[in-house]
Structure formats: C-alpha cells, structure tokens
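**Q** Sharing a structure with you now.
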Amino acid sequence: MDYNDILAQANDKLVSARSERELAEIKASIFGKNGTITELMKKLKDVPPEQKPQAGKAINDLRVKLAETCEQKEKQLHREKIEQALASENLDLSIDKCCAHVGAIHPINQIRKKLTDYFVGNGYIVYDSPEIETDYYNFQALNIPPDHPARDMQDTFFIGNGMLLRSQTSAGQIRLMEKHKPPLKMICPGRVFRNDDDSTHSPVFHQMEGLVVDKNVTLCDLKGALEGFAKFIFGGQTAIRFRPSYFPFTEPSVEVDVSCFNCHGKGCRVCKNTGWIEILGAGMVNRKVLENCGIDPNEYHGFAFGMGLDRIAMIQCSIDDIKLMWENDVRFIRQFR
Ligand code: DAH
Numbered sequence: 052m053d054y055n056d057i058l059a060q061a062n063d064k065l066v067s068a069r070s071e072r073e074l075a076e077i078k079a080s081i082f083g084k085n086g087t088i089t090e091l092m093k094k095l096k097d098v099p100p101e102q103k104p105q106a107g108k109a110i111n112d113l114r115v116k117l118a119e120t121c122e123q124k125e126k127q128l129h130r131e132k133i134e135q136a137l138a139s140e141n142l143d144l145s146i147d148k149c150c151a152h153v154g155a156i157h158p159i160n161q162i163r164k165k166l167t168d169y170f171v172g173n174g175y176i177v178y179d180s181p182e183i184e185t186d187y188y189n190f191q192a193l194n195i196p197p198d199h200p201a202r203d204m205q206d207t208f209f210i211g212n213g214m215l216l217r218s219q220t221s222a223g224q225i226r227l228m229e230k231h232k233p234p235l236k237m238i239c240p241g242r243v244f245r246n247d248d249d250s251t252h253s254p255v256f257h258q259m260e261g262l263v264v265d266k267n268v269t270l271c272d273l274k275g276a277l278e279g280f281a282k283f284i285f286g287g288q289t290a291i292r293f294r295p296s297y298f299p300f301t302e303p304s305v306e307v308d309v310s311c312f313n314c315h316g317k318g319c320r321v322c323k324n325t326g327w328i329e330i331l332g333a334g335m336v337n338r339k340v341l342e343n344c345g346i347d348p349n350e351y352h353g354f355a356f357g358m359g360l361d362r363i364a365m366i367q368c369s370i371d372d373i374k375l376m377w378e379n380d381v382r383f384i385r386q387f388r
C-alpha cells in the first residue's frame, strides 16, 4: 500500500472519531507501540538502501500530517464537549424567587452575631468555654464557696462527680485568666443551664460574658464600654444607668439599665412604665478572683459583665414567650428575617 493510501485511511479514521475517548484509541492505533507508523518504521529495514532516505522522509511527513489532523480533532472534540456542557447545565436565573426556600437566622443568633461583631471590632477576643463544668470554675474560683448563699441565685443542674452544667458563662473568665496573663479583653458567648421554666425563663439559655483586665482599669472604663455597646444595639440616643448590686465575683457590682428604646424614657409597655430596661450585671473583678487565677490584684484591675442574649432578643423583637425561641417554628423565625 502506498503512503498516500495509508495517510488517507488513517486520516479518515481520526476525523471520524466521535468522542475524546474514541480519538485516544485511534491515536494509539496510529502512533502507539504497534501502531501504523511504528509498523512502517519497522519495515524500513527491508527497503533498498538507495530508497531509504526517501522512504524515511515520506514516513516522517505522514506522521507530521497525521499529528496535525489529530490535534485539530482533539481541539474540535474538546470544544464540542464544553458547548454541550454549557447547553445542558445552564442556569435559568429568571426563575421566580418565590419558589426557593430561603431560611432565616434565629433572633438569638442574630443578636449574638451583632454583639460579637461589635466587641471584636473593639479589640475583644471570642473565647469558647466548656458547657460541662466543675464546681470550681462555675462557683469556687468565682468567689462562691460551697454553702455560699449566692449559689441560691442560680438553680444549678449537678450531674455527679463534682460536675455540673455551667449556670453562667462567668466560668469562662477563670479559664481564660488561668491560661493567659493580662492585658486581656474577651467575650465568652454560649449556652448556660438553670432549673428555671416559665414564660421568660428557659432551662437552657444564652449569655455573653465580657472581661477586661489591664493596669489602671476603672469603673469609668466599664461604663464607657457598656455605653458604646448599648448605643450600638439599641440606637444612638440610648443612655445607661448603674444601680448598685451584688455579685460575689465583682466588687463593686452593678446592674445596668438602658433607657427604653421604645418610648425613650417616657414609660411604655416594653419598659413596664419605668423608662428603663435592665439588661445586664457587671462590676469590677473581685481581687479574690484575680488572685485565684494567679494575677496580682495590686498590679491589675479588671471589669466584667454578663448578659442574657435571649432576654435582649426578646426585648428587641417584642417576644413575650421564651418558648417561641425553642420551638423552631419557621413561621416564627421568618418574621425576623
Ligand atoms: N454571671 C451573672 C449571672 O449569670 C451575670 C454577671 C454579673 C456576669 C456580673 C458578670 C458580672 O461578669 O460582672 O447572673
């Protein structure tokens, strides 16, 4: 068979390939180990010497031409494959959005994220502390020894072996201060547990603890920090006030009210006609708590605060039954989209 016939035949084969896989097979049958070209090369040894250069050149030309066809075919098949994919996988962006099921972020998570963003923006780190705690972290290190009456403020779930479900994120303060030395600025958000159950209390709820420890930290710093936060959450006109209170882990301790965002202090249903809404407990970290964590209270001072996220979400969204937060009824959650 002469070279032209061979070329024509191989060329036809290549051109007829319908898929990249088929082409690969045909390619192997031409250029592969036992392929047409290799066979021709092998036969070259039988060609009379004076014809050898010519024959060699002819085979080489043949190889180059077939390689060209092959490359073109490869490109064509690849293009076709992409075009096919584009046609079959195309997205109809005009589809009516009413048919898509879009979720909503739970109001507690919205508040948690908003607060976290605020505090992180102000240089606080977010600290994750365990939900299952020892009596030491949840109480003793926070200056609440066994039999201390302050334990009655929180009806705690004990789970045996000295372990309990944390009743306050304040435990996170101790864990942080044990491991890290001042200056410290952290928030510790998370779930807490108490044996409480009515329309404004759930056995599981959420708190966010805050702690700042450094040299020369004062009650004024606490007030400034909380004022900034209150304005961010409840609006720029919001004022705060401190009322004296008692917590074993802070001295002095305060309860913090914000002016009612609904009536701006005039008195309404939201603030029960007082003009103020209680949102958190706070104070200067008790010397004993710093000492318990190996921090010198003569060198460092700190402030701490703790707030209920469910409570803030309920106030802000006018939700009067905390159970709604846990039922996971999408109709409820969607209202806060
Ligand atoms: N742990 C307190 C509670 O659950 C809230 C609290 C009050 C946290 C004062 C604080 C604080 O950090 O300083 O009732």
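Going by this note's numbering, 171 is the number at position 120 of the sequence shown; the sequence numbering is gapless.
Where a beta carbon is used, it is the ideal one built from N, C-alpha and C, also for glycine.
Treat the numbers as computed from the prediction; the structure is a model and nothing was measured.
With a threshold of 16 other CB atoms inside 10 Å of the CB of residue 262, please say whether the residue is buried or exposed.
**A** buried
**Q** Whose C-alpha, out of 220, 83 and 68, is nearest the C-alpha of residue 114?
**A** 83
**Q** Taking Cβ to Cβ, would you say residue 358 is nearer than 8 Å to residue 375?
**A** Result no, Cβ atoms of residue 358 and residue 375 do not sit closer than 8 Å.
**Q** Give the single residue among 216, 238, 54 and 221 whose Cα lies nearest to the Cα of residue 171.
**A** 238
**Q** What is the rounded straight-line gap between the Cα of residue 303 and the Cα of residue 321?
**A** Spanning the two alpha carbons is a distance of roughly 29 Å.
**Q** With respect to the beta strand (DSSP E) encompassing residue 232, which residues constitute its N-terminal and C-terminal limits?
**A** It is not in any beta strand (DSSP E) - residue 232 carries neither H nor E in the DSSP assignment.
**Q** Is residue 191 near the ligand DAH, judged by its Cβ being under 7 Å from some heavy atom?
**A** The nearest non-hydrogen atom of the ligand DAH is 7 Å or more from the C-beta of residue 191.
**Q** Please list, in chain order, all residues of the same chain as residue 159 whose beta carbon is under 7 Å from its beta carbon, the five residues on each side excluded.
**A** 257, 360, 361, 364 and 376
**Q** Taking C-beta to C-beta, are residue 346 and residue 228 nearer than 8 Å?
**A** Yes; because the gap between Cβ atoms is below 8 Å, this pair is in contact.
**Q** Enumerate, from N- to C-terminal direction, the unbroken beta strand (DSSP E) stretches of 3 or more residues contained entirely within the stretch 224-306.
**A** 235-244, 255-265 and 291-298
**Q** Where does residue 211 fall in DSSP's three states?
**A** strand
**Q** When every heavy atom of the ligand DAH is checked, does at least one fall within less than 7 Å of the C-beta of residue 221?
**A** yes
**Q** Report the rounded CA-to-CA distance for residue 189 versus residue 147, giving the unit in angstroms.
**A** If I take the Cα positions, the gap works out to 52 Å.
**Q** Going by alpha carbons, who is nearest to residue 65 out of 56, 233, 80 and 55?
**A** 80
**Q** In the DSSP output, which residue or residues are listed as bridge partners for residue 333?
**A** Per DSSP, 305 and 356.
**Q** Whole angstroms are fine: how far does the CA of residue 296 sit from the CA of residue 306?
**A** Cα to Cα, the separation comes out at about 6 Å.
**Q** Residue 254 and residue 247 - do their beta-carbons sit closer together than 8 Å?
**A** The Cβ atoms of residue 247 and residue 254 lie closer than 8 Å to each other.
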